[in-house]
Amino acid sequence: MQIQSSALRLKQLPTIPPSSDRFSIIANHCGLVSTEFNYGKDEEIYGEEEVAEFVYQVVRGAVRTYKLMSDGRRHIGAFHLPGDVFGLESGSTHRLSAEAIIDTTVRLVKRRSLDTLAEADAKVAHHLWTITVADLKHAEDHMLLLGRKTAMERVATFLVEMDKRLSSASMMGLPMCRRDIGDYLGLTLETVSRALSQLNDEGVLAFSGARHITLRDRHRLASMLE
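For what it's worth, UniProt numbering labels the leading residue of the sequence shown as 1, then goes sequentially.
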């Protein structure tokens, strides 16, 4: 973990979109002190069961939160992109581990200070409530995804989600690899690759690189979710 130092290197990474920067309203409050740190690719930000001392926001890059199962499998609960908040726990420890997917900068705010401020400021409490509700909705949608959808429907749902969060000029630059996608969707690497290849063959998408995807038929992709 390193304090932000290389502006040139980080300039190439995505940054927080203004429409998603709700947490900055809290982090920039006069009663709080926020700090930015850099994490390298695959570097741990915090581990499962560690004391939840801070709340985090992705400034640049991307983060995965995950849990290792008893049989060694990894279940990714969420991908956090610029503007997203993570590490906001109901208990005193982290339920999941968090790692930087690529070189990433995060903003940290001490949880104790945040709790104290929320008790005194209704607007801050409302912002935190809104963030928490969004996290719960994502968790519910993810459970439905894993429990009720076919492999192709899971991949299609993932692509629609990333299209909304990442697309620029119709192209998605995915920070995560296919193994990450599989661990997020409850699928094997091979199943994810087959589904993407099938969508490519059918003209739904096209590859512009290993992790760059152009969606050619969003209507067809959306119809797979119905």
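Glycine residues also receive a C-beta, built at the ideal position from the N, C-alpha and C atoms.
query	result
Three-state secondary structure (DSSP) at Met1?	In this predicted model, Met1 has a pLDDT of only 48, less than 50, meaning its place in the structure is not dependable enough to derive any value.
Judging by CA-CA distance, which residue of Gly40, Glu48 and Phe54 is the nearest neighbour of Leu32?	Phe54
Nearest CA to the CA of His212: which residue from Leu159, Thr191 and Tyr184?	Leu159
Starting from His94, trace the alpha helix (DSSP H) both ways and give me its first and last residue.	Looking at the DSSP string, His94 is not in any alpha helix (DSSP H), and its letter there is neither H nor E.
Do Ile101 and Asp163 have their beta-carbon atoms positioned less than 9 Å apart in this structure?	no
I need the boundaries of the alpha helix (DSSP H) containing Val155, first residue and last residue.	Ala151 to Leu166
Can you tell me whether Phe207 is buried or exposed, with buried defined as 16 or more other CB within 10 angstroms of its CB?	exposed
Under the rule that 16 or more other beta-carbon atoms within 10 Å means buried, what is Thr105, buried or exposed?	buried
If you draw a straight line from the C-alpha of Val204 to the C-alpha of Ala156, how long is it?	10 Å
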